[in-house]
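**Student:**
Number of protein chains: 2
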Amino acid sequence: MFARTPTPPYWAVIFSSQRSAVEQGYADMGERMVELAAEQPGFLGVESVRDADGFGITVSYWDSEAAIAAWKANSEHQLAQRQGFAQWYAGFELRVAEVGRVHSWRKPQAGTDAAGQG
Amino acid sequence: MFARTPTPPYWAVIFSSQRSAVEQGYADMGERMVELAAEQPGFLGVESVRDADGFGITVSYWDSEAAIAAWKANSEHQLAQRQGFAQWYAGFELRVAEVGRVHSWRKPQAGTDAAGQG
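The listed protein sequences correspond, in order, to chains Y and G. Under the working numbering, the first residue of the first sequence is numbered 15, with each subsequent residue one higher. Under the working numbering, the first residue of the second sequence is numbered 15, with each subsequent residue one higher.
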């Protein structure tokens, strides 16, 4: 679920969206877009969540702005063959941002604490 | 649900998290954190979603890095009084990023299309 991203700086595409009522073709498109992203040079990972009301946030991570531009060109070509990306959404915001700092935390596993217990 | 953010540049804090099993105090803490953010100078808005498996992404938007730093200091003070933020999470990634470009789209409403129908 968490993307395994390198030490910053790197780039993020924050895609916030509200789904439309159109189901036909959505799952297929979503799968293809993730496959396509993962094949692109410079792709670092993706985190994605959507709630029961159809609001979702997907953040994809990239090693450069050039990688994002190449992915955009490639995905738009694919989407053009699918008769309009917009049909699946009531609205979206797509923000391109440069990640400068990260703070990561994971709960210590039982048996790996300092006291060696578990 | 969508944050009404201004023309870039501005800043984003991308908080990706997996919840722990601890429910006690979580909803109260979450509400208080959102209130606290909204009171901070430089707060621009927030978008948040969590799925049924407890994985969530919250993106808050800020007009400067200084505003994020002030919010961090303030929220950590508050959280210190709540005996540990980490209890509510199995893990998280917090990324600070500068938003440089945005593409917004909303489905046209019936009656507001170019032909004036509806």
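Even glycine gets a Cβ: it sits at the ideal position worked out from N, Cα and C.
Under the three-state reduction of DSSP, which class applies to Y:G68: helix, strand or coil?
**Tutor:** Position 54 of the first sequence, counting from 1, holds the residue named residue 68 of chain Y. The answer is coil: DSSP assigns Y:G68 none of H, G, I, E or B.
**Student:** Could you name the residues of the same chain whose beta carbon sits closer than 7 Å to that of Y:G59, not counting the 5 residues immediately before and after it, in chain order?
**Tutor:** Counted from its first residue, the first sequence places residue 59 of chain Y at position 45. These residues qualify, in order along the chain: A17, R18, T19 and Y75.
**Student:** Using a Cβ cut-off of 9 Å, pull out every chain Y residue sitting near G:L108, in sequence order please.
**Tutor:** Within the second sequence, residue 108 of chain G is the residue found at index 94, counting from 1. Simply R115, V116, H117, S118 and W119.
**Student:** Under 8 Å by Cβ, that's how I've got G:I28 and G:V63 pegged, so tell me the actual separation to the nearest angstrom.
**Tutor:** Working through the second sequence from its first residue, we reach residue 28 of chain G at position 14. Working through the second sequence from its first residue, we reach residue 63 of chain G at position 49. That pair is no contact at about 12 Å.
**Student:** Strictly under 7 Å for the Cβ-Cβ distance: is Y:I14 near chain G by that measure?
**Tutor:** Coverage of chain Y is limited to positions 15 through 132, which leaves residue 14 of chain Y absent and any answer about it impossible.
**Student:** Please report the distance separating the alpha-carbon of Y:G132 from that of Y:K121.
**Tutor:** Numbered from 1 along the first sequence, position 118 holds the residue referred to as residue 132 of chain Y. Numbered from 1 along the first sequence, position 107 holds the residue referred to as residue 121 of chain Y. Here Y:G132 scores only 33 on pLDDT, less than 50, and its place in the model should not be relied on; the value that follows carries that caveat. Rounded to the nearest whole angstrom, the CA to CA distance from Y:G132 to Y:K121 is 14 Å.
**Student:** Looking at C-beta atoms only, is the number of pairs between the region 106-122 of chain G and the region 96-109 of chain Y that lie closer than 8 Å three or more?
**Tutor:** The region 106-122 of chain G, when compared against the region 96-109 of chain Y, does touch it at the 8 Å Cβ threshold.
**Student:** Counting Cβ pairs, one atom from each stretch, are 3 or more of them under 8 Å apart for the region 42-54 of chain G and the region 81-101 of chain G?
**Tutor:** Per the Cβ contact rule, the region 42-54 of chain G is in contact with the region 81-101 of chain G (3 or more Cβ pairs under 8 Å).
**Student:** Alpha carbon to alpha carbon, how far is Y:D77 from G:F69?
**Tutor:** Stepping through the first sequence from its first residue, residue 77 of chain Y is reached at position 63. Stepping through the second sequence from its first residue, residue 69 of chain G is reached at position 55. Going from the Cα of Y:D77 to the Cα of G:F69 covers about 24 Å.
**Student:** Please give me, in chain order, every unbroken run of the alpha helix (DSSP H) with length at least 4 that falls completely inside the region 22-91 of chain Y.
**Tutor:** Taking only runs of at least 4 residues, the alpha helix (DSSP H) segments lying wholly in the region 22-91 of chain Y are 40-53.
**Student:** Excluding the five sequence neighbours on either side, which residues of its own chain have a C-beta within less than 7 Å of the C-beta of G:V48, listed in chain order?
**Tutor:** Position 34 of the second sequence, counting from 1, holds the residue named residue 48 of chain G. Cβ within range, chain order: V60.
**Student:** Name, in chain order, the residues that DSSP records as bridge partners for Y:F106.
**Tutor:** Position 92 of the first sequence, counted from the first residue, corresponds to residue 106 of chain Y. Bridge partners of Y:F106: Y:S31 and G:W119.
**Student:** May I have the straight-line CA-CA distance separating Y:M43 from Y:V36, to the nearest angstrom?
**Tutor:** Here residue 43 of chain Y is taken as the residue at index 29 of the first sequence, counted from 1. Here residue 36 of chain Y is taken as the residue at index 22 of the first sequence, counted from 1. For Y:M43 and Y:V36, the distance between alpha carbons rounds to 12 Å.
**Student:** If we ignore side chains and look at the alpha-carbon of each, how far apart do Y:R115 and G:S31 end up?
**Tutor:** Walking along the first sequence from the start, residue 115 of chain Y turns up at place 101. Walking along the second sequence from the start, residue 31 of chain G turns up at place 17. C-alpha separation (whole angstroms): 16 Å.
**Student:** Rounded to whole angstroms, what's the CA-CA distance from Y:A26 to G:I71? Just pull it up for me.
**Tutor:** Reading the first sequence from its first residue, position 12 is the one you call residue 26 of chain Y. Reading the second sequence from its first residue, position 57 is the one you call residue 71 of chain G. Answer to the nearest angstrom: the Cα atoms are 13 Å apart.
**Student:** Would you report the Cα separation of G:S89 and Y:Q101, rounded to the nearest angstrom?
**Tutor:** Working through the second sequence from its first residue, we reach residue 89 of chain G at position 75. Working through the first sequence from its first residue, we reach residue 101 of chain Y at position 87. If I take the Cα positions, the gap works out to 40 Å.
**Student:** Under 8 Å by Cβ, that's how I've got G:A111 and Y:A124 pegged, so tell me the actual separation to the nearest angstrom.
**Tutor:** Here residue 111 of chain G corresponds to residue number 97 of the second sequence, with the count starting at 1. Here residue 124 of chain Y corresponds to residue number 110 of the first sequence, with the count starting at 1. About 34 Å separates the two Cβ atoms, so there is no contact after all.
**Student:** What separation, rounded to the nearest whole angstrom, lies between the Cα atoms of Y:R33 and Y:A80?
**Tutor:** Indexing the first sequence from 1 puts residue 33 of chain Y at position 19. Indexing the first sequence from 1 puts residue 80 of chain Y at position 66. Y:A80 has its alpha-carbon roughly 28 Å from the corresponding atom of Y:R33.
**Student:** For a contact defined as C-beta to C-beta under 7 Å, what are the partners of Y:A52 on chain G?
**Tutor:** Along the first sequence, read from residue 1 onward, the residue named residue 52 of chain Y stands at position 38. Neighbours of Y:A52 on chain G: none; closest Cβ ~18 Å, over 7 Å.
**Student:** Closer than 8 Å, Cβ to any Cβ of chain G: which residues of the region 83-102 of chain Y, in chain order?
**Tutor:** For the region 83-102 of chain Y, the set of positions with a beta-carbon nearer than 8 Å to some beta-carbon of chain G reads A100 in chain order.
**Student:** Using a Cβ-Cβ cut-off of less than 9 Å, give me the residues of the region 61-83 of chain G that come near chain Y, in sequence order.
**Tutor:** For the region 61-83 of chain G, which is checked against every Cβ of chain Y, the residues closer than 9 Å are E61, S62, V63, R64, D65, A66, D67, F69, G70, I71, T72, V73, Y75 and E79.
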